[in-house]
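Numbering (mature numbering (1 follows the signal peptide of the UniProt record, and there is no 0)), first residue to last: -23 to -1, 1 to 910.
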């Protein structure tokens, strides 16, 4: 997109800490904004009792307008009477929230500008495309609704000027939702509402929302022309729902002619340039509202375009339904037929339906800690500029005065801030200390007061700090003086009249006194005499002959390194006492031939190949100066590797903590990473066989099982991925990289809470993203992604052409029932099909949205062993008759769902009608249907 097509608005900036002074969510968690009402005003809607707030506190741009009088909806206040327009290009503002949210944007043009010019503009969630807003009528209300997971501290709703009229907005609503309501939504995929219909009422004007729907979803009615074919049924009794939802008894429709079916259809939206072929999922809501006699029964099945989907028996006065987990195959029209089964004495019914298209939310943005820090700095100094939205993303619209680093595998980081002559006053914000990747900071020629905070000494990558030309006072902190002395930080602080006025308070080092000389010289002499004595004894022993012909150089032991590990899961008072060999930096240079051969690179730094004195090959992971992982991660990994010993976990040989240099030395794995083998890198045209893949999966699972069950306290790896599984010459797998690992503090804790989300995009447990609580099931989820990579040969995130996770990519193809569409085309074709299907079953269960529905690593190990047994049996008897795996399309009792407890427990098996059970699941007593009027 060219610069002229500006990001116009990122609606409503809310930092979590700012909520105390600005509009807060109400007691229901609702946030409701009426755009364009007078500043600092609010009101309560008479009908819904929902509180609405003005948006002046949340955006720096735009202007308020009232719609033309001919479009005012009668007496009294209406949310559609006003709006905020954004004629100026380049302005963005942000809104902060977390967890699963329904986001609803409302637009009513009403000829507010008197131009009768209907605009078209794009709507984005952060940097991910939401939809195109196409206003085609002056007096029509346009409402767009999305359901997304917000795992970070930032979520942006953006209006983008595409050169087809001025973007505007009338209102923005945010409604928290429980995860169980929409399990299709995760960190990389959201839902865009096409329609939500209540089938009972026949009055087209009757729209149901809060308080009848406690989540404030809007339920419209179906076209009244169908009233001749359907009749309404209802009950005065309460329909049972869950978790305190307060729906009134829902209505339903059933055919007037008992032998007829319920028929309806929808057509896809018009193709859009950024979403030319939308795909759809559906949620059907059912509840039996009539008390049936002993001889009566109601059972029906649903067809989509003539293909049977599910069989369902509604329960009396219990809200339930079915939902599609994966999108339907794209077609020009989606025709639904609900038919009674042969066993049913009553016609079918339906209460409500929701239809959504899939939107991608997989595009990554600025590092969340960097973004939060910059928002705090913006708020403290009241920066206007273009400081709205994500600081680094999209690249074309990055904030002024900063520079970001961009990598394909991680989020953008802020590395440079040039804030010279920006008019800043007050003291220096402590939030600068949270920009861990910052290398250059220029705060010169402002009016900053107070002292210099020591937080700058804790920025591992900071190389230049310019504070000249301010009103700073006091002295330079000792931590910064130490960085100045060792040459790792260049600090400029001239032209601060009240700084460093107390003698030597800003000098890097004091002169040694004569008393110190008198003490040091004798001490040096004592050490020298002791060294000469030791050398004499050694020469004498050598003269007497060798004590042991096999004597080798002894490993150096560290008894002096003691570092307290904070927040690492080992408690507050556990010291780091490493018993492995301690290397100096000079020794590492010798071992690696001055770091000549690079094996790879990770978040900690480069990994180099080396040889010990006895010829043993090693891998040396040296922390780089620009590493996003610091001393804490180094100490955590070193501590863990000295504690754990398992054949499927990489072994540490030693470590280096020599001044500013940190390194880990561990066993060399000559076959590199699993990711390289899956991608076919450096494998000389040879790809892993199915048995090799199973062995690697099993051995990796055994390593994780040991961390979860064999360690005391248990350890969560938190970064399981294909690049952290290493292979030796026999292709034996070992888990590596424990810098992000966490341990439980005691046996009664089942999770560890974290302040920041860690892991790698595509592998991170969505439940962990939402709760910030990591469990062993978080590792299970990541392992499930690795297992799918082994089966498919695809990366965790594909571009097909839009970003999609390997989980959803695989599910879409498995739904067609053909294993050949899923298995890695590069894998040799001699494999047991049953074993492949079973491996995918394991992977799908590992990656279930709810952690309680996933396997444990012990379960995974057992089931992968069964996969190997199937492969062994094929090798023993040949595969001539072993090429069939029962498809769930024709067999509802297929083994495909044996391990999928998420979807198979409540499925009716009373009919011979085919069911695509892997594509649909039961919504257990889901309180999501509409209420009666």
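Cβ atoms here follow ideal geometry from the backbone N, Cα and C, with glycine treated the same way.
Can you name, in chain order, every residue of its own chain whose Cβ lies under 7 Å from the Cβ of residue i, other than the five neighbours on each side?
i           : result
residue 583 : 575, 599 and 601
residue 125 : 78, 80, 102, 162, 167 and 338
residue 476 : 449, 450, 451 and 470
residue 94  : 142
residue 562 : 633, 635 and 638
Below 8 Å on the Cβ atoms is my contact criterion, and I expect residue i with residue j to pass it. Report the Cβ-Cβ distance as a whole number of Å.
i           : j           : result
residue 272 : residue 322 : 7 Å
residue 333 : residue 257 : 7 Å
residue 330 : residue 261 : 6 Å
residue 559 : residue 631 : 6 Å
residue 263 : residue 318 : In fact, because the Cβ distance is near 14 Å, the residues do not count as touching under 8 Å.
residue 694 : residue 715 : 7 Å
residue 783 : residue 678 : Incorrect: roughly 18 Å between the Cβ atoms, too far for contact.
residue 311 : residue 282 : 7 Å
residue 326 : residue 414 : With 8 Å as the limit, residue 326 and residue 414 do not qualify as a contact, their Cβ atoms being about 58 Å apart.
residue 40  : residue 28  : The Cβ separation is near 24 Å, so there is no contact.
residue 175 : residue 196 : 4 Å
residue 154 : residue 48  : In fact, because the Cβ distance is near 32 Å, the residues do not count as touching under 8 Å.
What residue range does the alpha helix (DSSP H) around residue i cover?
i           : result
residue 680 : 667 to 682
residue 357 : 345 to 358
residue 574 : That residue, residue 574, is in no alpha helix (DSSP H); it is neither H nor E in DSSP.
residue 655 : 651 to 656
For residue i, which residues in the same chain have their Cβ closer than 6 Å to its Cβ, ignoring the five residues on either side in sequence?
i           : result
residue 801 : 769 and 770
residue 417 : 393 and 441
residue 618 : 629
residue 83  : 120, 147 and 148
residue 358 : 401
residue 762 : 740 and 773
Residue i to residue j, Cα distance in whole Å?
i           : j           : result
residue 767 : residue 670 : 6 Å
residue 666 : residue 820 : 18 Å
residue 842 : residue 188 : 52 Å
residue 822 : residue 756 : 13 Å
residue 123 : residue 294 : 30 Å
residue 461 : residue 354 : 25 Å
residue 347 : residue 56  : 36 Å
residue 471 : residue 411 : 25 Å
residue 566 : residue 649 : 22 Å
residue 43  : residue 13  : 8 Å
residue 689 : residue 424 : 54 Å
residue 719 : residue 692 : 6 Å
residue 709 : residue 804 : 18 Å
residue 90  : residue 350 : 38 Å
residue 754 : residue 680 : 15 Å
residue 110 : residue 254 : 17 Å
residue 834 : residue 760 : 9 Å
residue 232 : residue 209 : 9 Å
residue 657 : residue 806 : 16 Å
residue 464 : residue 734 : 33 Å
residue 305 : residue 169 : 15 Å
residue 844 : residue 343 : 41 Å
residue 647 : residue 668 : 20 Å
residue 743 : residue 64  : 38 Å
residue 433 : residue 59  : 47 Å
Can you tell me where the beta strand (DSSP E) holding residue i begins and where it ends?
i           : result
residue 127 : 119 to 127
residue 329 : 329 to 337
residue 594 : 594 to 600
residue 455 : Run containing residue 455: none in the beta strand (DSSP E); it sits in the alpha helix (DSSP H), 455 to 463.
residue 277 : 277 to 281
residue 633 : 629 to 635
residue 237 : Careful: residue 237 lies outside any beta strand (DSSP E) and carries neither H nor E.
Identify, in the order they occur along the chain, each residue of the same chain with its Cβ nearer than 8 Å to the Cβ of residue i, setting aside the five sequence neighbours on each side.
i           : result
residue 141 : 96, 97 and 98
residue 473 : 444, 445, 446, 447, 448, 449 and 450
Would you list, in sequence order, the uninterrupted alpha helix (DSSP H) runs of no fewer than 4 residues that lie entirely inside the segment 355 to 419?
Qualifying alpha helix (DSSP H) stretches: none in this window.
Just to confirm the assignment: which complete beta strand (DSSP E) runs, minimum length 3, are found wholly within the segment 139 to 165?
148 to 153, all fully within the segment 139 to 165.
I'd like the ranges of any beta strand (DSSP E) spanning at least 3 consecutive residues and lying wholly in the segment 708 to 783.
710 to 712, 774 to 776 and 780 to 782, all fully within the segment 708 to 783.
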